[in-house]
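S.K.: Structure below; questions to follow.
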Amino acid sequence: MKKEEIVDVNKFYEDQKIRKEKDKIIERQLRFQELLINISTQYINSDLSDIDKMVQESLKQIGEFVESDRSYIFSYDFINNTTSNTYEWCSKGIDPEIDNLQNIPVDYIPQWLDAHNNGEAFYVEDVSLLPDDGEFGLRAVLEPQGIKSLITIPKIKNNELIGFIGFDSVNKINKYNDNEKDILFVFANMLVNVIQRKEQEEKIKLQEEKKEQLLKDLSLQNEQLNEYAHVVSHDLKAPLINIHTLVGWFMDDNKDKLEEQDLHPLTQVLFNVEKMDFLIKGILDYSTINKLEAQDSLVDFNVIIKEVLQTMLIPSHTKITIQDNLPSITGNAWRFKQVFQNLIQNAIKYTDKEKGIINVGFIEKDDNYEFFVKDNGIGIKSNYFDKIFKVFTKLESTGSSSGIGLSIVKKIINYYKGTIWLESEEGVGSTFYFTLLKN
1 MKKEEIVDVN
11 KFYEDQKIRK
21 EKDKIIERQL
31 RFQELLINIS
41 TQYINSDLSD
51 IDKMVQESLK
61 QIGEFVESDR
71 SYIFSYDFIN
81 NTTSNTYEWC
91 SKGIDPEIDN
101 LQNIPVDYIP
111 QWLDAHNNGE
121 AFYVEDVSLL
131 PDDGEFGLRA
141 VLEPQGIKSL
151 ITIPKIKNNE
161 LIGFIGFDSV
171 NKINKYNDNE
181 KDILFVFANM
191 LVNVIQRKEQ
201 EEKIKLQEEK
211 KEQLLKDLSL
221 QNEQLNEYAH
231 VVSHDLKAPL
241 INIHTLVGWF
251 MDDNKDKLEE
261 QDLHPLTQVL
271 FNVEKMDFLI
281 KGILDYSTIN
291 KLEAQDSLVD
301 FNVIIKEVLQ
311 TMLIPSHTKI
321 TIQDNLPSIT
331 GNAWRFKQVF
341 QNLIQNAIKY
351 TDKEKGIINV
361 GFIEKDDNYE
371 FFVKDNGIGI
381 KSNYFDKIFK
391 VFTKLESTGS
401 SSGIGLSIVK
411 KIINYYKGTI
421 WLESEEGVGS
431 TFYFTLLKN
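Shown next as structure tokens:
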């Protein structure tokens with residue numbers, strides 16, 4: 001064989017060897033990327049309770065793939081200038097170091113901190129070649145852990161350095177090419193995202209727990225307040241009845257002896273007792289709205305409004321018109337009666353015209369019924385529109401009304417997930433609107 005032919009054969013085999021090495025590297029990178037995709041899929045599909053386990057398992061998978069003996073995650077604490085080991089995987093026969101690596105001063109690792117601050121990996125191929133830089137130098141930190149090679153990748157969140165992942169080789173020197181470093185950067189970003197997700201889910205869970213506890217506390221407080229109002233109202237009724245009875249008896253027994261000026265203060269006492277009685281009844285009604293235990297049924301609004309009007313004293317100069325064919329809605333008849341009774345009584349009370357006109361009707365919407373009670377009374381100033389639905393709020397202090405009627409109406413409408421509002425013009429009249437959902 002000629003010399004030229006020998007050279008060509010050697011070159012051929014050398015090229016084949018290089019090609020095989022390249023193919024081997026490419027194949028390894030593809031397997032590395034596939035592993036990373038699998039880990040990413042597991043992270044996406046995991047829930048909060050699995051995240052710690054998933055992080056631990058991924059450290060093992062990546063660590064075994066890059067043939068390291070220990071893989072780990074550290075967090076930086078730049079307030080105290082320390083770093084701490086939060087997760088660690090060790091191969092068989094390798095001692096864990098996580099307990100020994102808590103609150104380590106960052107002054108011990110200035111080289112890789114500088115690299116991390118620049119968004120770069122810190123890689124030591126051979127620890128034994130590091131300079132002997134004293135008791136607290138990098139070599140003095142790494143060699144007692146038996147580390148021959150290591151690489152650490154920064155974890156960046158929102159452009160802020162928060163920690164790093166690392167891989168220690170104890171049994172041999174380990175080399176990482178640029179492509180493997182890039183893949184490890186991707187893994188570091190994945191860890192940042194999954195740990196951030198864990199933090200967010202824990203915050204949400206804590207907020208939900210606080211919200212749930214707050215709702216329980218509010219529910220308990222409302223129940224206690226309603227029970228308190230109920231008890232106090234009942235306790236107040238008895239002495240009021242006694243006062244009213246005694247004053248009435250005294251006035252009847254002495255009507256021939258008492259002058260007009262003597263009767264006036266006694267009449268005022270009776271008036272205020274009646275006013276107090278209305279107030280107590282209003283408190284009882286208001287506190288009872290959410291506590292009715294009667295089962296809901298289909299309520300015909302034509303019937304309940306007719307029954308409401310039969311129980312009311314309607315002035316002769318006031319005409320009430322009820323729209324025909326009102327709908328039927330599932331709910332509690334007592335609650336619905338309270339709504340119309342309070343709104344119609346309110347309209348009667350504030351009618352100042354020689355001929356009072358009150359119209360009650362509804363408009364059918366897509367998913368609800370919009371009811372209205374319209375009057376031609378004195379009207380209401382716009383700055384009172386929100387205030388009048390609050391407990392004990394009245395347009396005027398005269399009369400014996402409790403000031404609770406409209407607040408009862410609003411509470412009932414809210415209970416049925418409806419809305420209530422009004423339109424009014426002073427001297428012209430008011431229209432109260434409210435909605436109730438269709439069945």
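The opening position of the sequence shown corresponds to residue 1 in the UniProt record's numbering, with each subsequent residue numbered one higher. Beta carbons are placed, not taken as given, at the ideal position from N, Cα and C, and that holds for glycine. Predicted model, so just to flag it, every value in this text is computed and none were measured.
(1) Say yes only if the C-beta of Ile73 is nearer than 7 angstroms to one or more non-hydrogen atoms of the ligand FAD, and no if none qualify.
(2) Look at the alpha carbon of Ala188 and the alpha carbon of Ile204, and state the distance between them as a whole number of angstroms.
(3) How about Thr86 and Ser75: do their beta carbons lie closer than 8 angstroms?
(4) For the putative contact between Val360 and Ile320, defined by C-beta atoms under 8 angstroms, what is the C-beta separation to the nearest angstrom?
(5) Please determine if the region 359-375 and the region 325-335 are in contact, where contact requires at least 3 C-beta pairs separated by less than 8 angstroms.
(6) So, for Lys198: in the same chain, excluding its five sequence neighbours on each side, which residues have a beta-carbon less than 6 angstroms away from its beta-carbon?
(7) Inspect the beta-carbon positions of Leu437 and Tyr415 and report whether they are closer than 8 angstroms.
(8) Asn158 to Glu97, Cα distance in whole Å?
(9) Please work out which residues of its chain come closer than 6 angstroms, Cβ to Cβ, to Phe432, disregarding the five sequence neighbours upstream and downstream, and give them in chain order.
(10) So what does DSSP say about Glu307, is it helix, strand or coil?
(11) Would you call the CB atoms of Ile151 and Tyr176 closer than 8 angstroms?
(12) Would you kindly check if the distance between the Cβ of Thr419 and the Cβ of Ile413 is under 8 angstroms?
(13) Which of the three DSSP states is assigned to Ser402 in this structure?
(14) Assuming Ile344 is part of the beta strand (DSSP E), what are its boundary residues?
(15) From Gln341, Thr267, Val299 and Leu406, pick the residue whose C-alpha is nearest to that of Gly248; which is it?
(16) Pull up the distance between the alpha-carbon of Thr398 and that of Lys349, whole angstroms please.
(17) Excluding the 5 residues flanking Val299 on each side, which residues of the same chain have their C-beta closer than 8 angstroms to its C-beta?
(18) So the beta strand (DSSP E) Gly361 belongs to, where does it begin and stop?
(19) To the nearest angstrom, how far is the alpha carbon of Asn103 from that of Ser128?
(20) Count the CB pairs spanning the region 55-68 and the region 161-171 that are closer than 8 angstroms, and state whether there are at least three.
(21) Between Ser149 and Gly119, what straight-line distance do the alpha-carbon atoms span, to the nearest angstrom?
(22) Helix or strand or just coil, what does DSSP make of Lys155?
(23) Do you know offhand how far Glu125's Cα is from Lys172's?
(24) Going by the beta-carbon positions, is the gap between His317 and Lys257 smaller than 8 angstroms?
(25) Grab me the residues of Val7's own chain with a C-beta within less than 6 angstroms of its C-beta, minus the 5 sequence neighbours each way, in chain order.
(26) Look up Leu150 in the DSSP assignment and say whether it is helix, strand or coil.
(27) State the beta-bridge partners of Gly163 as determined by DSSP.
(28) For the beta strand (DSSP E) that Val299 lies in, which residues bound it at each end?
(29) In terms of DSSP beta bridges, what is Glu370 paired with?
(30) For Ser297, tell me which candidate among Asn439, Glu202 and Tyr108 has the shortest Cα-Cα distance.
(31) Within this structure, are the beta carbons of Ser407 and Lys381 separated by less than 8 angstroms?
(32) Could you have a look at Ser397 and say whether DSSP puts it in helix, strand or coil?
(33) Thinking C-alpha only, which one of Lys181, Leu101 and Leu138 is nearest Ser84?
(34) Exposed or buried, what is Val428 when buried is set at 16 or more other beta-carbons lying within 10 Å of its beta-carbon?
(35) Using DSSP bridges, identify the partner residues of Thr267.
M.R.: Once the coordinates are examined:
(1) No copy of the ligand FAD appears in this structure; indeed no ligand is present at all.
(2) Walking along the sequence shown from the start, residue 188 turns up at place 188. Walking along the sequence shown from the start, residue 204 turns up at place 204. The straight-line gap from Cα to Cα measures roughly 24 angstroms.
(3) On the sequence shown, residue 86 is found 86 positions in, with the first residue counted as 1. On the sequence shown, residue 75 is found 75 positions in, with the first residue counted as 1. Going by C-beta atoms, Thr86 is nearer than 8 angstroms to Ser75.
(4) Numbered from its first residue, the sequence shown carries residue 360 at position 360. Numbered from its first residue, the sequence shown carries residue 320 at position 320. Sure, about 7 angstroms apart at Cβ, within 8 angstroms.
(5) yes
(6) Translated into the one-based positions of the sequence shown, residue 198 becomes position 198. Excluding residues within five positions, the ones whose Cβ falls inside 6 angstroms are Ile51.
(7) For this step, residue 437 is matched to residue 437 along the sequence shown. For this step, residue 415 is matched to residue 415 along the sequence shown. Cβ atoms of Leu437 and Tyr415: not closer than 8 angstroms.
(8) In the sequence shown, counting from the first residue as 1, residue 158 sits at position 158. In the sequence shown, counting from the first residue as 1, residue 97 sits at position 97. Computed Cα separation, rounded: 29 angstroms.
(9) Here residue 432 refers to the residue found at position 432 of the sequence shown. Only Leu343, Val373 and Leu422 meet the Cβ criterion.
(10) Reading the sequence shown from its first residue, position 307 is the one you call residue 307. In the structure shown, Glu307 sits in a helix (DSSP, three-state: H, G or I).
(11) Here residue 151 refers to the residue found at position 151 when the sequence shown is read from its first residue. Here residue 176 refers to the residue found at position 176 when the sequence shown is read from its first residue. A contact, by the Cβ cut-off of 8 angstroms.
(12) As a working mapping, residue 413 is identified with position 413 in the sequence shown. As a working mapping, residue 419 is identified with position 419 in the sequence shown. Yes, these two residues count as a Cβ contact at 8 angstroms.
(13) Position 402 of the sequence shown, counting from 1, holds the residue named residue 402. Note that Ser402 scores a pLDDT of 48, beneath 50, so its modelled location is shaky and nothing firm can be said.
(14) Within the sequence shown, residue 344 is the residue found at index 344, counting from 1. Element bounds for Ile344: not the beta strand (DSSP E) but the alpha helix (DSSP H), Ala333 to Lys349.
(15) Locating residue 248 in the sequence shown gives position 248, counting from the first residue. Selected option, being the one with the closest Cα: Thr267.
(16) Position 398 of the sequence shown holds residue 398. Position 349 of the sequence shown holds residue 349. In this prediction, Thr398 scores a pLDDT of 48, lower than 50, which makes its location untrustworthy; the coordinate-derived value is nonetheless stated afterwards. Rounded to whole angstroms, Thr398 to Lys349 spans 11 angstroms at the Cα level.
(17) As a first step, residue 299 is located in the sequence shown; it is residue number 299 there, counting from the start. So the list reads Ser328, Ile329, Thr330, Gly331, Asn332, Ala333 and Phe336, once near-sequence residues are dropped.
(18) Taking the first residue of the sequence shown as position 1, residue 361 is located at position 361. Its beta strand (DSSP E) spans residues Gly356 to Glu364.
(19) Your numbering for residue 103 matches position 103 in the sequence shown. Your numbering for residue 128 matches position 128 in the sequence shown. Whole-angstrom Cα-Cα distance: 25 angstroms.
(20) yes
(21) In the sequence shown, residue 149 corresponds to position 149, counting from 1. In the sequence shown, residue 119 corresponds to position 119, counting from 1. For Ser149 and Gly119, the distance between alpha carbons rounds to 20 angstroms.
(22) Counting from one through the sequence shown, the residue named residue 155 turns up at place 155. Looking at Lys155 - three-state DSSP - the assignment turns out to be strand.
(23) Within the sequence shown, numbered from 1, the residue matching residue 125 stands at position 125. Within the sequence shown, numbered from 1, the residue matching residue 172 stands at position 172. Going by the C-alpha atoms only, they are around 10 angstroms apart.
(24) As a working mapping, residue 317 is identified with position 317 in the sequence shown. As a working mapping, residue 257 is identified with position 257 in the sequence shown. No, they are not a contact pair.
(25) Within the sequence shown, numbered from 1, the residue matching residue 7 stands at position 7. Any answer about Val7 is weak, because its pLDDT of 48 lies below 50 and its placement is not dependable; what the coordinates show is given next. The answer is none, since no qualifying residue turns up.
(26) Taking the sequence shown and counting its residues from 1, one reaches residue 150 at position 150. Residue state, collapsed to three classes: strand.
(27) To locate residue 163, count along the sequence shown from 1; it is residue 163. For Gly163, which the question treats as bridged, DSSP gives the partners Ser75 and Lys155.
(28) For the purposes of this step, residue 299 is taken as the residue at position 299 of the sequence shown. Counting along the chain, the beta strand (DSSP E) containing Val299 begins and ends at Ser297 to Asp300.
(29) Translated into positions along the sequence shown, residue 370 becomes position 370. Its beta-bridge partners are Ile363 and Thr435.
(30) The residue you call residue 297 lines up with position 297 of the sequence shown. For the residues Asn439, Glu202 and Tyr108, the minimum Cα distance to Ser297 belongs to Asn439.
(31) Stepping through the sequence shown from its first residue, residue 407 is reached at position 407. Stepping through the sequence shown from its first residue, residue 381 is reached at position 381. Taking 8 angstroms as the Cβ cut-off, Ser407 and Lys381 do not qualify as a contacting pair.
(32) The residue labelled residue 397 in the question sits at position 397 within the sequence shown. No answer about Ser397 holds up, because its pLDDT of 48 lies below 50 and its placement is not dependable.
(33) Your numbering for residue 84 matches position 84 in the sequence shown. For the residues Lys181, Leu101 and Leu138, the minimum Cα distance to Ser84 belongs to Leu101.
(34) For the purposes of this step, residue 428 is identified with residue 428 of the sequence shown, where counting begins at 1. So Val428 ends up on the exposed side.
(35) The sequence position of residue 267 within the sequence shown is 267, counting from 1. BP columns for Thr267 are empty, so no partner.
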